[in-house]
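J.: Provided herewith is a single structure, encoded as structure tokens, for subsequent inquiry.
Number of protein chains: 2
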Amino acid sequence: MSRIVYPCGPCKIQRKKCGDKCILAPYFPPNDPHKFFVVRKIFGASNIAKILEDIPGEKRGDAVRSLVYEASARLNDPIYGCTAEISRLQNQVLHLQSQLATVQAELLNAHGNLVVSQNNENEDIGFQYDDDPFGLWAPL
Amino acid sequence: MSRIVYPCGPCKIQRKKCGDKCILAPYFPPNDPHKFFVVRKIFGASNIAKILEDIPGEKRGDAVRSLVYEASARLNDPIYGCTAEISRLQNQVLHLQSQLATVQAELLNAHGNLVVSQNNENEDIGFQYDDDPFGLWAPL
């Protein structure tokens, strides 16, 4: 992680005292105000801090990334937010499952045809030796 | 939609005046306090109201459902929230795409074998009439 700069973006915007005990400082540097703007608009600064307080330090970076993702999705689509992406992926899963079932059925069918075809092939050979009605293929 | 009851859940909890101009009342009835508890804890009451204000009336029900879904996911998984479901679905899509590619390749292969097998079958028949070296199958 890069060097933490005080005051952090949120404390600068909110004109609050900032220091090494600030829970937001490692994730919201003052040179990236948009990142904080997005999560603040959707979750609120105090909710972000409360969510991070309940998470172990080494997982807070992941939590901030997921919160920024969710907040950006909500700003882009105020009605569905990131549930739009969940719906899109669910539909893609259903479509792929259906495609897979179709191709698996085609494969079973092709194997069936191959077995029938190979049986026919074997029957021809069988006929030559086992059921040769004219004795034409008897060993010399 | 069922009859709106005043004060709604949020106004009752926040001891605010409630009436037919309350934007939250149609979606947060007083008999379902948990629904408001969940979204308030993650987004905050004022952010919920602000999000709904920017959405056309007929779409606010969908927006509340998606907000409740997101907030519940964040309470269940404070680190990843509903991005955990997005990751899970993305992995499922990748797995299905890989399965589909495998089965499609098997199908192509099976069709190839079928064509070879049918060609062999046809060759047997062809041999009997066209290339019969001993003249054994000549028409009687």
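Protein chains in written order, with our numbering: chain D, 1 to 140; chain A, 1001 to 1140. Beta carbons: idealized from backbone N, C-alpha and C, even for Gly. Note that the structure is predicted; figures quoted are calculated from it, not measured.
#1: Please name the residue, chosen from D:T102, D:C11, D:C22, that lies closest to D:I53 on a Cα-to-Cα basis.
#2: Under 7 Å between C-beta atoms, does A:Q1118 make it to chain D?
#3: List the residues of chain A that D:L89 touches, going by C-beta distances under 7 Å, in chain order.
#4: In the DSSP assignment, the alpha helix (DSSP H) including D:A63 goes from what residue to what residue?
#5: So D:L114 and A:A1110 are in contact, right, with Cβ under 8 Å, and what is the actual spacing, rounded?
#6: Would you please state the rounded distance, in angstroms, between the beta carbons of A:I1051 and A:L1075? I believe it to be under 8 Å.
#7: I'd like the span of the alpha helix (DSSP H) that includes D:S46, first residue to last.
#8: Hey, D:L100 and A:V1103 are a contact pair by Cβ (cut 8 Å); roughly how many whole angstroms apart?
#9: Helix, strand or coil, according to DSSP, for A:G1081 in the structure here?
#10: Please compile the residues from chain D whose C-beta is within a distance smaller than 7 Å of the C-beta of A:Q1099.
#11: Given a threshold of 16 other Cβ atoms within 10 Å of its Cβ, counted over all protein chains shown, does A:P1010 qualify as buried or as exposed?
#12: With a threshold of 7 Å between beta-carbons, can D:E58 be considered close to chain A, or not?
#13: Our contact map puts D:P78 next to A:I1055 with C-beta atoms below 8 Å; I'd like the distance itself, whole angstroms only.
#14: Got a sec: is the Cβ-Cβ distance from D:L114 to anything in chain A below 7 Å?
#15: Tell me which same chain residues have a C-beta within less than 8 Å of the C-beta of D:V148, skipping the five on either side of it?
#16: My output table needs one value for A:L1024: the three-state DSSP class, helix, strand or coil.
#17: Assign A:S1117 to one of three DSSP states: helix, strand, or coil.
#18: Residues of chain A with CB closer than 7 Å to the CB of D:H34, please, in chain order.
#19: Rounding to the nearest angstrom, what Cα-Cα distance links A:Y1080 and A:G1019 in this structure?
#20: Can you pull out the residues from the stretch 35–56 of chain D whose beta carbon lies closer than 7 Å to at least one beta carbon of chain A?
T.: So, from the data block:
#1: Rather than Ile, the amino acid found at residue 53 of chain D in this sequence is Glu. Among D:T102, D:C11, D:C22, the Cα nearest to that of D:E53 is on D:C22.
#2: yes
#3: I1086, L1089, Q1090, V1093
#4: 60–76
#5: 6 Å
#6: Not a contact, Cβ separation roughly 18 Å.
#7: 45–53
#8: 6 Å
#9: coil
#10: L100
#11: buried
#12: no
#13: 6 Å
#14: yes
#15: Here chain D has residues from 1 to 140 only, and residue 148 of chain D is not among them.
#16: coil
#17: helix
#18: Chain A residues near D:H34: none, gap ~18 Å exceeds 7 Å.
#19: 37 Å
#20: I42, F43, G44, N47, I51, D54, I55
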